[in-house]
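See structure below.
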Amino acid sequence: GGWQLIGTTALEMWDLGREVPALLQPGFRVRFVDVATTSIAAGACPQSARGQKSQKDHQPAGNGPALIVRATGLQTLFQDLGRHGQAGQGVSASGAVDQAACRTANRLVGNAPGVACLETVNGGLQLQSRGDTVVAVTGADAPLTLTTATGARWPVPRYQPLALADGDVLAVGQPRAGTRCYVAARGGFAVSPVLGSCSTDTLARVGPPALAVGDVLALGAATGIVGLAELPPNDLPGTHEDVVLDVVLGPRTDWFTPEAVALFARQRWQVTPQSNRVGLRLA
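Under our numbering, the first residue of the sequence shown is numbered 487, with each subsequent residue one higher.
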């Protein structure tokens, strides 16, 4: 793989049905055979887990408390504190971009710090409570609105536990500052871990899929104590502000003239819509 592609193979290089999904590990010695002229014995590779599930979706909701997705926003994913120790298989840690906000959301609803939250970008998420639930929203400075089953509507605060009655809809608006919000639910979301984490890795395509309208997100049993309201951060950047980043020049800096390097640091850049969790594309 990479830039120097030497061929293709019918072997399953990645299979979540195996104990170690990646067929090749760092340190393995590999011999390549031209299958156009040489046949490979049928037992030369580990038995694939054909017919097994590739990865688990969130579990069926049953009849217990749940949150029903009425609108997904730009991209809403399950994220926890990350999938560490899998770099040997080519899988990054992933996890919540703002881990402090993820931890705080869980603390507010009485969950353990590593429980998966919903990470949503630039607002638009709407969740309807089935049964009585408790949620908390942290991260970006986004307006929150609660609408009851009878149509009554009012704003609710971030960074504190919110009790939702059956039929209540919580809506996350466009952030005034920051970009990602985190939604935790008391008891945690009933999603199954993949390689030890419930985080969605959008590059390796490991973990639960992005939310879709109509998804019913089952909740687990509450165990911890609901926390007190906390102060939200007051230093989140808005769209009218410049964010100053420290950079370490890379190994190809000598490809550029000193004038080009100076221009890189001097001019202003804008994040484009082609950005995602993997990286930011700048104009």
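Don't be surprised by glycine CBs; every beta carbon is placed ideally from N, CA and C.
- Collapsing the DSSP output to three states places Phe-675 in a strand.
- If you ignore the 5 residues before and after Pro-718, its C-beta comes within less than 6 Å of the C-beta of Arg-644 and Tyr-645, all in its own chain and listed in chain order.
- By the neighbour-count definition (other C-beta atoms within 10 Å, threshold 16), Arg-569 is a buried residue.
- Less than 8 Å divides the Cβ of Val-555 from the Cβ of Leu-703.
- Nearest in C-alpha terms to Gly-610, of all of Thr-494, Gly-571, Thr-688 and Val-699, is Val-699.
- Rounded to whole angstroms, the Cβ separation of Leu-689 and Val-747 is 29 Å, and the two are not in contact under 8 Å.
- Scanning the stretch 542-622 from its first residue to its last, the whole beta strand (DSSP E) runs of 3-plus residues come out as 552-558, 562-565, 603-607 and 611-616.
- Just measuring C-alpha positions, the residue of Asp-740, Ala-670 and Ala-635 sitting nearest Thr-590 is Ala-670.
- CA-CA distance, Phe-742 to Gln-760, rounds to 25 Å.
- Under the DSSP assignment, Leu-749 falls in the alpha helix (DSSP H) whose first and last residues are 744-752.
- Taking the Cα positions, Arg-616 is about 8 Å away from Asp-654.
- Residues of the same chain with a CB within less than 8 Å of the CB of Gly-548, apart from the 5 flanking positions on each side, are Ala-704 in chain order.
- Per DSSP, the unbroken beta strand (DSSP E) holding Leu-648 starts and ends at 648-650.
- For the set Ile-711, Pro-744, Ala-751 and Asp-740, the Cα lying nearest the Cα of Val-730 is the one of Ala-751.
- In its chain, beyond the 5 residues on either side, Leu-705, Gly-706, Ala-707 and Ala-708 have a beta carbon closer than 6 Å to the beta carbon of Gly-673.
- Leaving aside the five residues that flank Ala-557 on each side, the residues in its chain whose CB is nearer than 8 Å to its CB run, in chain order, Gly-610, Leu-611, Gln-612, Ala-657 and Val-699.
- Annotated as distal: Ala-582 and Thr-624, with beta-carbon spacing of 8 Å or more.
- Nearest to Thr-665 by C-alpha distance, out of Glu-605, Leu-510, Val-734 and Thr-523, is Glu-605.
- Counting along the chain, Leu-705 sits inside no beta strand (DSSP E), nor does DSSP assign it H or E at all.
- Excluding five sequence positions before and after Thr-631, the CB atoms of its chain that fall closer than 8 Å to its own CB belong to Arg-639, Trp-640, Pro-641, Val-642, Leu-656, Ala-657 and Gly-659, given in chain order.
- By a beta-carbon distance limit of 8 Å, Leu-510 contacts Val-516. Their separation comes to about 6 Å.
- Shown here, Thr-494 sits in coil according to DSSP, grouped into three states, outside any helix or strand.
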